[in-house]
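Chains as they are written, first to last, in the numbering used here: chain A, 68 to 602; chain B, -13 to 328. Where a beta carbon is used, it is the ideal one built from N, C-alpha and C, also for glycine. These numbers were taken from a predicted model, which means no experiment stands behind them. Here the structure is laid out as C-alpha cells; the discussion comes afterwards.
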Amino acid sequence: MSITSVTFILFLLVTVILYYLIPGKYRWLVLLASSMFFYMMSGISNGIYILITALSTFGSAIFMQKITDSQKRYFKENKESLTREDKAIIKKKNTSKRKTLLILTLILNFGILCVFKYSHFALEQFNNAISLFGAQPIEDTMKFIIPLGISFYTFQSMGYLADVYWNKIPAEKNFLKLLLFVSFFPQITQGPISSFEQLGKELFEEHKFTYKNYSWGIQRMMWGFFKKMVIADTLSPWVYDVFENYSQYSGITTLIGAFMYSVLIYADFSGYMDIVCGFCEVLGIKLTENFDRPYFSKSIAEYWRRWHISLGVWFKSYIYYPIAVSGWNKKLGKFSQKKLGKTFGKTVPASVALVVVWLTTGLWHGASMAYVAWGGVNGLFIILSLWLEPVYDKCKSKLKIKESATWFRAFQTIRTFILVTFIKVLPEVGTLSEGFGLWKNIFTSRIIPDSWQTLLPFVDNIYDDKSIRTIGVVIFGTLLIFITSMIQRKQPIRQFLGKFPLIVKIAVFVALFFLIVYFGIPASGNAGGFMYAQF
Amino acid sequence: MRNFKRAIAVTLACILCTGIVFTLIAEVYFSNSYYYYQDSETRKNYGGEIDFLICGSSHGLRAFSPEILDKELDCFSYNISGALMTMQGRYTLLKKEIERNPVKTVVVEVSYNALSRNRVKEGAEGDLYILARLDNMAERLGFFFSAMKLSEYDRVLYDTVNRGVQCIEWMTDGRKQVDTTVTKGYNKPQGIYDCTVSAETYEQKFHYTKFSETADEYNISYLNKIINICKEKNVRLIFVVTPISSSYEAEHSNTDIVMATVREIAKNADAEFYDFNLIKGKDQMFPADTAYFDISHLSASGAETFNREFARVITAAENGENTDDLFYSSYVEAQQYYNCIK
C-alpha cells in the first residue's frame, strides 16, 4: 500500500476513528490490528519473517529476564551465606547464558537480514575473489523478495534485545505488545528506529484526543505530502536522468543534478517522516524525530547527528559505544598514546569504532561496494576532522576567526552542504567508478550549455507552460523548505502558523492541497515509491 | 468533547473550502467544450432527432463520419465513440441517447481488442472522458462511483483539476471552443501514415499489442446490456469491425479465434456482424499508403471510403440481399487469397 495513495489515507482515517472509539486501555490493539493489516498487504508470506523476529526477540528477552530475576532472587534469599566470590561466579555464569541467548538471537535475525539483503553482494564478492585464481564464477540463481521494512524492524528489535541484555529495560511480558513495537506500521518501512523505552511508552499509554494534536498532526502530514509528492517525486526523474546520462551532459548540468539530489532525498525522506509523525501526532503518539534541519550543519559529524537521527543513535548505542569501551580497544588506545603521543593516540579507539560504524552504515544503506565506499568517505571525513581539530583551532586563533561570526558559520554551512552533496551522489549513480565519473564530469566536462534546453535537458519540453510551472513550483518548494527551516530555528513552524487567523490556515491548507493534486499526483505516478523504503 | 467538536468544525470548513475551489475549477472544464469529446450540449440539442447511433472506441471515432452517413443512408446519425472507451462507457452514453432519441439503428464497433481489453490494466483514462460527456454533476457522480475504483480517485481529481486549469488558460487566451455540431462526434484524423512499412517499424513507432483471445467478463456483461436495451427498444443492432492495415493484421495468426467470440455474441443476439477487414477488395478500397492514420485507425480518406462501403452493405442487408458474398468467411481465407495474388 503506497503511503501517498488514496487507499492509504482512507486506511489512516479508519485507524484514527477506531482508535478513538475504543476505550483508552485497548487502543494499542487497534494499532496492532492496523499494523498487521498493513504488513500483510505487502504479502502474507512476508509476515513469517517479522513473526520470527518478534517471537525470537520476545522469547530471548523473557529468558534473559528470567535469568536476571532468578539471580536477584537467589542473591536476596542467600544474602547471608554467599560470599563475594560466589556471587561473582554465579554472575559470570548467568552473564554467559544471557550472552549466548543474545548472540544466538542476533545471529538468527541478522542472518535473515543478511540472506535477504546481502546474498547477491556476498556471492558477487566471492566470485570476484575466486576469479583472481582463475576459477569459474558461481551462477547467481537466488531470487529473493526482501520483506517490507526488514532492516528497520530488525534493528529496532535487536536494539530492544540489547537493552534487555544490558538491563536498561525489563523484558516485555506481553507478546502482542512486543509485536506491535516491532511492526508499528507508520515506522515499519522507513523508520524512525525507536527504542522500546521511548516508543513502548507512547504506544501503550492512554492518549486523549486533543484539537492541538489533531490540527498539528494534519498540518504536518500535508507538509509531508507536499515535500514528497510535489518536490521529491518531481525531481526524481530529472535527477536519475542526470545520473544515467551525465557523460553527455555539461559539468554545470551534472552539478545541478547533484544538488537536486540533495534536495530530493531530503524532501523524500523528511516528507515521509512528516507524514508518519503527523499521523502519530493525531493519535497522540510522539515518534522519535529523524531530522533536525540537517543542511544547516557546520560539519559532517554534525550533519550525521541531524540527519536520520534514529539510525545514528542506534549505531552509536549498539555499535560505536560497545566497540569504543571494549577492553581490546582501550588497550589499543593506551598503546597508541605511548607510540603516537597523547593528543593523537587518544583519538585512536574512537577512530577504530568510527571505521566499523561507517562501513556498516554504508552496508546498511545498500549491498554494493559503492555504498561501502560512501560509508568509508563519510567516516574518513569525520575521523580526519577529529584528528585535525587541534590544527583547526590553531589556524582559527592565528587568523583571529571567531567561531560565532555569521560569515564563518555561513561558510561552514555551505562547505558542509557541498561536501555532503558530493558524498551523497557517490553510490546513487550505480557503480563506484560511475560515481567517481560523475564527480569528474562536474569538473572536466567542456560542454557549454547554450540554451535552457541544454542546461536542463532532463526537463521535457522546457518551454512548455506546464514545465515552466513545474520548475517554478520545485524552486518555490525548495525555498519554502529553506524558509520554514529558518523559522524553525526560533520556534516550531506550526506554532508560528498558529498566530495567524483560522482563515489563513485554511487558505494554506487549500493551497497545499491543490499544489499536491496538480503537481504531486502526476509526479508521484512517475517516480514510484519512497527512496528509503529500499533500505 | 469540545476538542472533538472543534476538530470536526475545522475539518468541515477545510473540506468546504476545498470543495468550493474544486467545484469552480471543475465547472470551467465541464461546462465548456474545449475538448473534442465534450459534446454533451450538442447531443442535448439534437435530442429527439438522432435515429442512427454509432458507439465504439477510437477505431469507431476515426471511422464513422455522420456527415457522410446522413447523406448515404438518409438518416440523422451521431457518433458517440471515444478514445479508450470502455464497454461501461459505451453502455452509459448509448442508454442515455436511446432514451431521448427515436433511435432505429445502433452500430457497435467491436475491434480486435474490444472484448479483451482489461479495464484494470488499462486504467481510468477512457472513463475519465465519459465524465466530461455527461450532462450534469449528478450523472457524473453516479458514473464516477460506479466506474472508478478507489485507487483511481486521485487520478480523477488530478485530471479534472488539470483540465480545469487548462480550460481557464484557454478562456483567458480567447481560444475558441470545439464546434461539435458539425463533426457530430466524428474526429477527423489529420494526416496519414504509410502502412506499407514492415511490422518491425510499427513495433518501434506504435504501442504494439498481440490480439488477446480472452474476452473479459466485464466487457461481455456490458455488451449484453447494450444488446438487451436494443432489443427492448426494438433497435436494429449492427456489430462492425473497422479496417486495420493488412500488414498489421497479418502479424497475427489468431484473429479468427479472437473474432469468433464476437460472431457468437452477434449470432445469439440476432445482430448483424460485418468485419471490414474481410471485405473483398480491401487492399484496393483501403490502400496501405493513404487509407490509414496509423496502423489501426483510418485516415480521413480511408474513413470516407469506409462510410460509403458501410452504407452500401447495410442498405443491401436491409433490402434483404445476401451480403455474405461481399466478405471472406475468415481471416485465414482472406490471407490465402492475398497470398495467392502475391
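Boundaries (first-last residue) of the beta strand (DSSP E) holding residue i
i        : result
Asn65/B  : 63 to 65
Phe225/B : 222 to 227
Asp460/A : Here Asp460/A belongs to no beta strand (DSSP E); instead the alpha helix (DSSP H) covers 436 to 465.
Thr91/B  : 91 to 95
Phe38/B  : 38 to 41
Asp202/B : Element bounds for Asp202/B: n/a, residue is neither H nor E.
Beta-bridge pairing of residue i - partner residues as DSSP gives them
i        : result
Cys216/B : Partner(s): none; Cys216/B has no beta bridge.
Asp261/B : Val227/B
Phe280/B : The sequence shown places Asp at residue 280/B, not Phe. Partner(s): His283/B.
Phe313/B : Ile265/B
Residue range of the alpha helix (DSSP H) that includes residue i
i        : result
Cys0/B   : -12 to 16
Met209/A : Note, Met209/A: premise wrong, no alpha helix (DSSP H); not H, not E.
Val24/A  : In the structure as shown, chain A begins at 68 and stops at 602. Residue 24/A is therefore absent and cannot be evaluated.
Asp145/B : 139 to 159
Trp519/A : 519 to 522
Lys133/A : 113 to 144
Leu79/B  : 73 to 86
Pro516/A : Pro516/A -> no alpha helix (DSSP H), and no H or E assigned at all.
Leu246/A : 242 to 250
Met289/A : 278 to 292
Gly429/A : 415 to 432
Tyr307/A : 300 to 312
Tyr566/A : Note on residue identity: the sequence assigns Lys, not Tyr, to residue 566/A. Lys566/A -> no alpha helix (DSSP H), and no H or E assigned at all.
Val164/B : First-last for Val164/B: undefined, no H or E at that position.
Tyr234/B : 232 to 236
Lys57/B  : 52 to 59
Met553/A : 532 to 555
Gly592/A : 588 to 594
Ser109/A : Element bounds for Ser109/A: n/a, residue is neither H nor E.
Gln479/A : 473 to 492
Phe253/B : In the sequence as displayed, the identity of residue 253/B is Lys instead of Phe. Run containing Lys253/B: 241 to 254, per the alpha helix (DSSP H) assignment.
Residue i beta carbon near the ligand COA (any heavy atom closer than 7 Å)
i        : result
Ile134/A : Questions concerning the ligand COA fall outside what the structure shown contains, since it holds no ligand whatsoever.
How do the stretch 310 to 323 of chain A and the stretch 505 to 519 of chain A stand: do at least 3 beta-carbon pairs fall below 8 Å, yes or no? Between the stretch 310 to 323 of chain A and the stretch 505 to 519 of chain A there are three or more C-beta pairs closer than 8 Å, enough to call the two in contact.
Can you give me, in chain order, the residues of the stretch 263 to 292 of chain A that have a beta carbon less than 7 Å from any beta carbon in chain B? So the list reads Phe276, Thr277, Tyr278, Tyr281, Ser282, given in the order they occur along the chain.
With 8 Å as the C-beta to C-beta threshold (strictly closer), list the residues of the stretch 552 to 586 of chain A near chain B in chain order. The stretch 552 to 586 of chain A vs chain B, Cβ under 8 Å: Leu569, Ile573, Ala574, Phe576, Val577, Phe580, Phe581, Val584, Tyr585.
What residues from the stretch 97 to 115 of chain B come within 9 Å of chain A, judged by C-beta to C-beta, listed N to C? For the stretch 97 to 115 of chain B, which is checked against every Cβ of chain A, not one residue is closer than 9 Å.
At a Cβ cut of 8 Å, what residues of the stretch 247 to 265 of chain B count as close to chain A, listed as they run along the chain? Per Cβ criterion, the list is empty.
Every unbroken alpha helix (DSSP H) inside the stretch 342 to 405 of chain A [4 residues or more]: Those alpha helix (DSSP H) runs which fall completely within the stretch 342 to 405 of chain A and span 4+ residues are 367 to 373, 376 to 382, 388 to 391.
Would you call the stretch 118 to 133 of chain A and the stretch 92 to 110 of chain A touching, i.e. three or more CB-CB distances under 8 Å? No, the stretch 118 to 133 of chain A does not touch the stretch 92 to 110 of chain A.
Positions along the stretch 140 to 169 of chain B whose CB lies within less than 8 Å of some CB in chain A: Against chain A - using a Cβ distance shorter than 8 Å - the residues of the stretch 140 to 169 of chain B are Asp140, Arg141, Leu143, Tyr144, Val147, Asn148, Val151, Glu155.
Assess, as a yes-or-no matter, whether the stretch 52 to 71 of chain B is touched by the stretch 15 to 34 of chain B under the definition of 3 or more beta carbon pairs within less than 8 Å. When C-beta atoms of the stretch 15 to 34 of chain B are compared with those of the stretch 52 to 71 of chain B, three or more pairs fall below 8 Å, so the two segments count as touching.
Output, in sequence order along the chain, the residues in the stretch 117 to 142 of chain B whose CB is closer than 9 Å to any CB in chain A. Cβ contacts with chain A come from Leu136, Ser137, Glu138, Tyr139, Asp140, Arg141.
Please identify, using Cβ separations under 9 Å, the residues of the stretch 180 to 201 of chain A that lie next to chain B, in order along the chain. Per Cβ criterion, the list is empty.
Could you please tell me which residues of the stretch 1 to 19 of chain B, in chain order, have their CB closer than 7 Å to any CB of chain A? The residues in question are Cys3, Thr4, Val7.
Which residues, taken in chain order from the stretch 216 to 242 of chain B, show a beta carbon closer than 7 Å to some beta carbon of chain A? Cβ contacts with chain A: none found.
Could you tell me whether the stretch 357 to 367 of chain A touches the stretch 323 to 339 of chain A, where touching means 3 or more Cβ pairs closer than 8 Å? Under the 8 Å Cβ criterion, the stretch 357 to 367 of chain A counts as touching the stretch 323 to 339 of chain A, having at least three qualifying pairs.
Closer than 8 Å is the cut-off here; do at least three beta carbon pairs connect the stretch 248 to 258 of chain B with the stretch 268 to 276 of chain B? These segments do not touch.
Residues of the stretch 85 to 102 of chain A in Cβ contact with chain B at a cutoff of 7 Å, in chain order, please. Cβ contacts with chain B: none found.
Every unbroken beta strand (DSSP E) within the stretch 212 to 238 of chain A, with a cutoff of 3 residues, ordered by chain: As summarised for the stretch 212 to 238 of chain A, there are no continuous beta strand (DSSP E) elements at least 3 residues long confined to that stretch.
Would the stretch 482 to 500 of chain A and the stretch 439 to 446 of chain A be scored as touching if the rule is three or more Cβ pairs under 8 Å? Touching, yes.
Does the stretch 83 to 91 of chain B come close enough to the stretch 47 to 56 of chain B that 3 or more CB-CB pairs lie under 8 Å? Contact fails: fewer than three Cβ-Cβ distances are below 8 Å.
Touching or not, the stretch 113 to 127 of chain B and the stretch 219 to 237 of chain B, by the rule of three or more beta carbon pairs under 8 Å? For the pair of segments examined, the stretch 113 to 127 of chain B was found not to touch the stretch 219 to 237 of chain B: the number of CB pairs separated by less than 8 Å stays below three.
Using 8 Å as the cut-off, can you tell me whether the stretch 147 to 159 of chain B makes contact with the stretch 575 to 588 of chain A, which would need three or more C-beta pairs spanning the two stretches below that distance? These segments touch.
Cβ pair count under 8 Å reaching 3, the stretch 473 to 484 of chain A against the stretch 267 to 280 of chain A: No, the stretch 473 to 484 of chain A is not in contact with the stretch 267 to 280 of chain A.
Which of the residues in the stretch 283 to 313 of chain B, read from start to end, lie with their CB under 9 Å from any CB of chain A? Taking 9 Å as the cut-off between beta carbons, none of the residues of the stretch 283 to 313 of chain B comes near chain A.
Pairing CB atoms from the stretch 294 to 313 of chain A with CB atoms from the stretch 247 to 266 of chain A, are three or more of them under 8 Å? Three or more Cβ pairs closer than 8 Å define a contact, and the stretch 294 to 313 of chain A falls short of that threshold against the stretch 247 to 266 of chain A.
Got a sec: which bits of the stretch -13 to -2 of chain B sit with their beta carbon under 7 Å from any beta carbon on chain A, in order along the chain? Listed by position, the residues of the stretch -13 to -2 of chain B near chain A (Cβ gap below 7 Å) are Asn(-11), Phe(-10), Arg(-8), Ala(-7), Val(-4).
Can at least three beta-carbon pairs, one atom from the stretch 73 to 81 of chain A and one from the stretch 173 to 183 of chain A, be found at a separation below 8 Å? Cβ pair count under 8 Å is below three, so no.
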